[in-house]
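Colleague:
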């Protein structure tokens with residue numbers, strides 16, 4: 031019980047004189063005890079906070095600000111979350127996500143029409159007028175020309191696009207098109223340099239992909255930091271005959287500029303008279319872009335483009351003949367947990383533009399990507415089995431298509447989203463239960479008129495790929511870095 | 174009051190092993206604590222000292238006071254007992270309450286004043302005891318959750334070194350977090 035006299039550092043003497051609960055009795059101020067912790071330990075505490083709190087606490091004091099803003103801290107936090115999630119792998123519903131549905135269906139609407147569906151309050155969705163209102167040019171009522179629409183997403187970032195037509199009338203201003211990258215959570219955004227809008231350009235012909243490559247990825251731990259990363263936006267122009275080359279425009283975050291590029295396709299080129307399917311969409315998987323190569327007879331293969339490592343050529347992945355070819359199938363590409371998936375949605379009608387009452391869908395996944403790849407059938411579902419418990423729905427489903435949206439619930443393989451009439455449905459296919467149904471406000475019109483229904487379905491085919499986007503919230507929100515400075 | 178010295182000595186009578194090795198740990202204020210070697214090895218730092226053969230007489234721990242050291246020993250003992258005879262490195266790292274039966278005990282253990290809590294964090298770091306570090310850091314993080322920056326300053330008595338303009342600027346940049 032003796033206090034050794036050899037101890038010279040008085041601050042290590044135990045303070046036993048008073049209890050903290052009675053601060054008025056103390057003669058020494060209870061002053062910033064927490065600041066005696068070194069940065070590394072203070073960081074350890076912050077790692078265990080939700081990131082929203084961590085951002086708020088930047089305003090507590092300058093020391094906390096510099097600590098939390100340090101990229102090294104972000105790296106450590108992501109690493110910590112990654113370790114923790116691995117040991118709690120049963121808690122797979124931990125990552126919140128947001129499903130953003132863009133209404134491209136109605137031609138009378140001339141503003142960005144979004145439905146935002148967050149995963150945390152199941153079923154509570156928000157009509158997205160305010161979702162992107164931090165961006166300029168997102169204002170209802172402004173002319174269609176100047177509005178952004180969402181073209182792609184990657185993790186928690188969105189890529190938006192707008193066109194401004196040429197102005198002949200006042201003073202001649204050439205038309206241009208512009209892309210914008212934003213993080214809807216942190217409300218950061220940047221616009222990329224404008225591209226000239228060629229005369230008679232058709233927005234619909236260009237397929238756009240957006241892909242990020244995290245730099246400082248810890249190979250051992252396999253976690254991605256996103257604290258520093260580079261990204262590319264690639265515009266694919268429709269291939270011209272003889273289908274051996276692909277024209278594209280690439281924006282690179284390294285240079286801050288667009289450049290034109292012509293890339294040769296793998297030796298055989300695309301199959302003759304085939305095209306890159308815009309309907310199927312372009313997906314980023316394994317840091318490469320994938321597009322669907324299509325003919326009248328269906329999906330032929332997947333074109334692969336690696337803008338970071340091998341921007342001279344495109345690769346090709348075969349799709350086996352065992353894919354369905356009878357009836358009519360629409361194809362979507364999708365990614366689930368880092369694996370490439372193809373969704374086939376089929377109907378018995380062989381006529382393309384008839385009322386597609388899709389009666390089944392199947393989902394194939396590419397496994398073993400690095401070793402040549404092998405396609406596995408993951409799901410095969412008949413719509414009639416799904417609606418067994420819901421007789422009213424069954425009747426309606428025979429008249430209107432129930433279109434599977436190419437976005438999976440990131441944590442649960444068995445949950446699917448469908449667009450049915452003017453509803454978005456969320457099905458749990460393990461239990462065949464309809465979990466959530468959200469009514470879309472703006473598509474109520476045109477549903478009951480059969481001619482309009484035809485038009486809507488046609489549009490749905492065309493626009494399906496660019497109508498749904500999955501935003502996955504990261505351990506730390508991805509920053510939107512400014513473009514590199516240019517010195518002229 | 175070194176109430177800890179009484180609790181350490183009785184442990185070897187409860188153990189089944191006949192020859193439980195003991196080590197003596199010496200706090201910064203000169204107090205000595207005799208503990209089972211296996212309990213002491215919950216600390217990776219002490220484990221390395223022992224394995225390197227440097228633990229002849231006492232292991233001095235100049236960064237840990239007797240008050241804190243006694244608590245740390247209490248923690249290590251409790252967790253070692255709960256884990257049985259298994260390897261010290263796998264005991265009680267998880268803070269998942271459904272699998273860890275010591276959760277209640279741990280919760281009581283960290284009901285201490287701020288000063289002690291931070292000293293425990295420093296000690297757990299210095300002695301490299303993962304479970305204790307995790308527990309103490311998590312406790313502080315839980316104290317912080319849901320509080321506004323002003324409440325944080327009040328709870329932890331932190332001086333606001335921002336000017337009102339600077340603070341407004343920081344808030345504005347991170348506005349989304351406050352909504």
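Chains as they are written, first to last, in this note's numbering: chain A, 31 to 518; chain B, 174 to 352.
Each residue gets a CB set at the ideal place from its N, CA and C atoms; glycine is no exception.
Quick test of the definition: if touching needs 3 or more C-beta pairs under 8 angstroms, does the region 214-221 of chain A touch the region 237-244 of chain A?
Modeller: As far as the Cβ criterion goes, the region 214-221 of chain A does not touch the region 237-244 of chain A, which means the pair count is below three.
Colleague: Could you tell me which of 349/B, 251/B, 226/B sits nearest to residue 208/B, measuring between CA atoms?
Modeller: With respect to the C-alpha of residue 208/B, the residue from 349/B, 251/B, 226/B having the closest C-alpha is 251/B.
Colleague: Assuming residue 131/A contacts residue 497/A (C-beta within less than 8 angstroms), just tell me the rounded distance between them.
Modeller: About 6 angstroms; that satisfies the 8 angstroms criterion.
Colleague: Can you tell which of 351/B, 346/B, 295/B, 336/B has its C-alpha closest to the C-alpha of residue 75/A?
Modeller: 295/B
Colleague: Could you work out which residues of chain D lie near residue 221/A, taking near to mean beta carbons separated by less than 7 angstroms?
Modeller: Checking the listed chains, one finds no chain D in this structure; the protein chains it contains are A and B.
Colleague: Please confirm whether residue 325/B and residue 62/A have their CB atoms less than 9 angstroms apart.
Modeller: no
Colleague: Return helix, strand or coil for residue 178/A, following the three-state DSSP convention.
Modeller: coil
Colleague: Could you say if the region 367-378 of chain A and the region 393-411 of chain A meet the contact criterion of at least three C-beta pairs nearer than 8 angstroms?
Modeller: yes
Colleague: Can you have a look at residue 463/A and say buried or exposed, based on whether 16 or more other CB atoms are within 10 angstroms of its CB?
Modeller: exposed
Colleague: Would you mind sorting residue 352/B into buried or exposed? The rule is 16 or more other CB atoms within 10 Å of its CB.
Modeller: exposed
Colleague: Quick check: the Cα distance between residue 310/A and residue 215/B, rounded to an integer number of angstroms?
Modeller: 56 angstroms
Colleague: Buried or exposed: residue 96/A, going by 16 or more other Cβ atoms within 10 Å of its Cβ?
Modeller: exposed
Colleague: Spatial neighbours of residue 368/A within its chain, please: CB distance less than 8 angstroms, with the 5 preceding and 5 following residues excluded, ordered by chain position.
Modeller: 315, 316
Colleague: To the nearest whole angstrom, what separates the beta carbons of residue 65/A and residue 93/A, a pair I think is in contact under 8 angstroms?
Modeller: 7 angstroms
Colleague: Where does the unbroken beta strand (DSSP E) through residue 294/A begin, and where does it stop?
Modeller: 287-294
Colleague: If you reduce the DSSP assignment to three classes, tell me which class residue 127/A lands in.
Modeller: Residue 127/A: strand per DSSP, three-state reduction.
Colleague: Closer than 9 angstroms between beta carbons: that is the criterion. Which residues of the region 208-241 of chain B meet it against chain A?
Modeller: 235, 236, 237, 238, 239, 240, 241
Colleague: Please classify residue 334/B as buried or exposed, where buried requires at least 16 other C-beta atoms within 10 Å of its C-beta.
Modeller: exposed
Colleague: Using a Cβ cut-off of 8 angstroms, pull out every chain A residue sitting near residue 278/B, in sequence order please.
Modeller: Going along chain A, no residue has its Cβ under 8 angstroms from residue 278/B, so there is no contact; the nearest lies around 20 angstroms.
Colleague: For a cutoff of 9 angstroms on Cβ pairs, would you count residue 294/B as touching chain A?
Modeller: yes
Colleague: Under 8 angstroms Cβ-Cβ, which residues of chain B neighbour residue 89/A?
Modeller: 322, 335, 340, 343, 344, 347
Colleague: Could you list which residues in chain A have their beta carbon closer than 7 angstroms to that of residue 326/B, in chain order?
Modeller: 90
Colleague: Which same chain residues, not among the five before or five after residue 397/B, have their C-beta less than 7 angstroms away from its C-beta?
Modeller: Because chain B is modelled from 174 through 352, residue 397/B falls outside the range shown and cannot be assessed.
Colleague: Using 9 angstroms as the threshold, is the C-beta distance between residue 366/A and residue 443/A below it?
Modeller: yes
Colleague: With respect to the beta strand (DSSP E) encompassing residue 233/B, which residues constitute its N-terminal and C-terminal limits?
Modeller: 231-233
Colleague: Tell me the residue span of the beta strand (DSSP E) that contains residue 320/A.
Modeller: Unbroken beta strand (DSSP E) run through residue 320/A: 318-325.
Colleague: Buried or exposed for residue 324/A, going by 16 or more other Cβ atoms inside 10 Å?
Modeller: buried
Colleague: Hey, how far is the Cα of residue 204/B from the Cα of residue 336/B?
Modeller: 46 angstroms
Colleague: If you measure from the beta carbon of residue 65/A to each beta carbon in chain B, is any gap under 9 angstroms?
Modeller: Interface flag for residue 65/A against chain B is set, since a Cβ pair is found closer than 9 angstroms.
Colleague: Tell me, to the nearest whole angstrom, how far the beta carbon of residue 195/B is from that of residue 210/B; I am working on the premise that it is less than 8 angstroms.
Modeller: Between residue 195/B and residue 210/B the beta-carbon gap is near 6 angstroms, inside 8 angstroms, which marks them as a contact.
Colleague: Would you report the Cα separation of residue 499/A and residue 390/A, rounded to the nearest angstrom?
Modeller: Going from the Cα of residue 499/A to the Cα of residue 390/A covers about 23 angstroms.
Colleague: Suppose contacts are defined by Cβ-Cβ distances below 9 angstroms. Is residue 179/A in contact with residue 190/A by that definition?
Modeller: A contact, by the Cβ cut-off of 9 angstroms.
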